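Note that numbering that gives the first Met the number 0 gives residue 208 to position 209 of the sequence shown, counting from 1, and the numbers run on in steps of one. Here is the structure we will look at, set down as structure tokens.
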Amino acid sequence: MTNPSSDLLQNKSPAAPPAEPPTGLKVVTQRVVSGRLLVDADKDVWASFNRGLILHVSFTKFFSIMKSSTAENEKQEADEETSKEFTHLKKICKSLLTASLSSTNAWEKDHSDAKSVVDLCKQGQDQCLVLIPQASLTAKLNPGDKTLKYHSQCGKEEAEVLYRLFRKALAAVVVEQLCCGAAVSGSGCSTTAGRHKDKPGKFRPDGRMIGIGGKSQSNDERVNLPPPEEFFRSGEYRNWEQQQQDESTAANQEHEFSTFDDSGFPVTAAATGEPVAKSRRKKLEKMWAKYKQKYEQKNVATTRQAPTSTQQTQTERTSGGSTSQIVDERVGQKNVGNVASDTGNKGAANIKQLPAEEISTKSSTTAPQEQLAHPEKPSTELQQKGTDGPTDSTLRPCVLETAKPSDPAFRLPTIVTGTFGGRQGLELCTGGPFTHSFNFPPPAGSGG
0 MTNPSSDLLQ NKSPAAPPAE PPTGLKVVTQ RVVSGRLLVD ADKDVWASFN RGLILHVSFT
60 KFFSIMKSST AENEKQEADE ETSKEFTHLK KICKSLLTAS LSSTNAWEKD HSDAKSVVDL
120 CKQGQDQCLV LIPQASLTAK LNPGDKTLKY HSQCGKEEAE VLYRLFRKAL AAVVVEQLCC
180 GAAVSGSGCS TTAGRHKDKP GKFRPDGRMI GIGGKSQSND ERVNLPPPEE FFRSGEYRNW
240 EQQQQDESTA ANQEHEFSTF DDSGFPVTAA ATGEPVAKSR RKKLEKMWAK YKQKYEQKNV
300 ATTRQAPTST QQTQTERTSG GSTSQIVDER VGQKNVGNVA SDTGNKGAAN IKQLPAEEIS
360 TKSSTTAPQE QLAHPEKPST ELQQKGTDGP TDSTLRPCVL ETAKPSDPAF RLPTIVTGTF
420 GGRQGLELCT GGPFTHSFNF PPPAGSGG
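Listed below in structure tokens is the structure:
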């Protein structure tokens with residue numbers, strides 16, 4: 000006699016596995032050593048970048064946006080930063096920035112060189128994040144068919160809003176991970192706390208970022224900085240050492256050096272008459288490189304006059320003939336300026352032409368292979384003569400140049416964003432493909 004219960008067990012079909020959620024966002028990451036991104040095809044404007052990570056992003060129709068996040072409230076920043084889409088995108092960006100997707104300049108067979116962007120920045124390494132909208136990642140090609148299908152792509156208007164939210168989320172995660180920390184609140188550094196439209200660390204609806212941490216340090220507020228060749232002779236370096244709280248140096252001496260080379264760098268110590276110690280020289284070189292970068296940025300941010308022949312010579316000598324475009328990130332359509340503060344000069348848009356190394360705050364010791372691709376290209380290719388550069392906010396690289404790291408040893412990455420809906424031109428140099436592809440689900444409640 001058969002057991003009925005055993006028959007039931009034999010006839011019972013296995014439970015079907017739970018259905019996987021649809022893909023809402025596709026991201027392809029690629030390591031890069033250097034490159035250039037075309038950000039304005041009409042004016043042939045390129046933004047250059049150095050070592051870091053390229054993010055190609057594509058939204059699908061399953062990553063839909065609630066009506067409150069689009070048409071009616073599209074320009075209300077508070078609604079965007081409290082929306083479920085923004086919260087979900089921040090989680091995705093955190094994963095991309097904390098996963099081991101980037102690397103140092105040393106390749107290892109066992110891939111031990113792979114590290115996250117956040118970890119590399121905490122180690123004092125320079126990193127660039129290049130964000131490129133790539134709708135064609137969402138495509139379908141059936142076996143034996145030659146027709147490409149794009150039925151699953153997100154609508155253009157929704158995709159543009161989502162791309163803008165992704166840019167904001169990426170920068171917000173950078174600030175949380177390297178500046179204040181996610182647990183810090185009420186410090187003026189959080190990118191999501193509070194609703195005041197001028198709160199530092201927040202973004203306007205046009206994608207521009209307000210300065211992090213309120214007012215900049217005293218050296219950032221000063222306009223009349225001595226030229227780099229007078230940095231040591233004038234004693235300006237003492238102010239910078241005091242700001243860095245480097246009390247182990249002889250910065251308090253009124254005349255620490257007696258002789259200088261042609262570039263203005265100290266050669267002989269005044270107290271001993273001997274050459275400057277090697278350890279001291281290294282510290283001074285690092286500080287000088289930062290000062291030269293700040294000096295160039297300050298000059299461009301405070302004047303629209305043509306650079307002097309001395310400045311041109313310094314720029315050409317530093318960059319090897321290659322320049323790159325950094326567009327100032329001032330809040331508002333008409334007031335475009337430095338990321339440093341939301342209370343700066345009023346005026347027309349300024350376009351910075353800085354050495355390519357300075358996009359990621361490279362020091363003068365950058366290795367030759369780290370230089371940008373095609374350094375022989377003239378600067379006119381980066382910005383046409385007589386133009387004011389791109390006007391669409393999506394063309395503007397987001398440079399977190401004045402955000403205050405939570406540790407002085409940390410470096411903040413440079414974020415370069417591509418245009419939405421425009422032709423993308425990309426030239427790059429890599430140490431290998433090192434490409435990863437990810438399919439992220441949409442936020443809960445989304446649907447095509």
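We treat Cβ as the ideally placed atom computed from N, Cα and C, and that holds for glycine. Quantities reported herein were computed from a predicted structural model and do not represent experimental measurements.
Three-state secondary structure assigned by DSSP to residue i
| i | result |
| --- | --- |
| L411 | coil |
| N238 | helix |
| L119 | helix |
| H150 | coil |
| T86 | helix |
| S111 | coil |
| Q277 | Checking the displayed sequence, the identity of residue 277 turns out to be Lys instead of Gln. Of the three classes helix, strand and coil, the one that applies to K277 here is helix, per DSSP. |
| L24 | strand |
| P265 | strand |
| A372 | Residue confidence is low: A372 scores 37 on pLDDT, short of 50, so the model does not pin down where it sits. No coordinate-derived value is stated. |
| P442 | coil |
| L224 | coil |
| Q304 | Residue confidence for Q304 is low, a pLDDT of 44 falling below 50, so the modelled location carries little weight and cannot support an answer. |
| E19 | coil |
| I91 | helix |
| Q124 | coil |
| K282 | helix |
| K289 | helix |
| K145 | coil |
| K297 | helix |
| E79 | helix |
Integer-rounded CB distance, given that residue j should sit under 8 Å from residue i
| i | j | result |
| --- | --- | --- |
| L24 | F439 | 4 Å |
| E229 | G263 | 6 Å |
| G417 | P20 | Not really, about 28 Å apart at Cβ, beyond 8 Å. |
| G424 | V32 | About 18 Å separates the two Cβ atoms, so there is no contact after all. |
| R410 | Q29 | That belief does not hold up - the Cβ atoms of R410 and Q29 are roughly 21 Å apart, past 8 Å. |
| P407 | V116 | The Cβ separation is near 19 Å, so there is no contact. |
| K60 | S135 | That pair is no contact at about 15 Å. |
| Q126 | R50 | 7 Å |
DSSP beta-bridge partners of residue i
| i | result |
| --- | --- |
| V31 | G51 |
| A98 | The partner list for A98 (beta bridge, DSSP) is empty, contrary to what the question assumes. |
| G431 | Looking at the DSSP assignment, G431 forms no beta bridge with any residue, so it has no partner. |
| E426 | R35 |
| A46 | L36 |
| T59 | Q152 |
| T416 | L130 |
| T258 | T267 |
| S436 | V27 |
Start and end residues, alpha helix (DSSP H) containing residue i
| i | result |
| --- | --- |
| E157 | 155–174 |
Terminal residues of the beta strand (DSSP E) in which residue i lies
| i | result |
| --- | --- |
| L136 | That residue, L136, is in no beta strand (DSSP E); it is neither H nor E in DSSP. |
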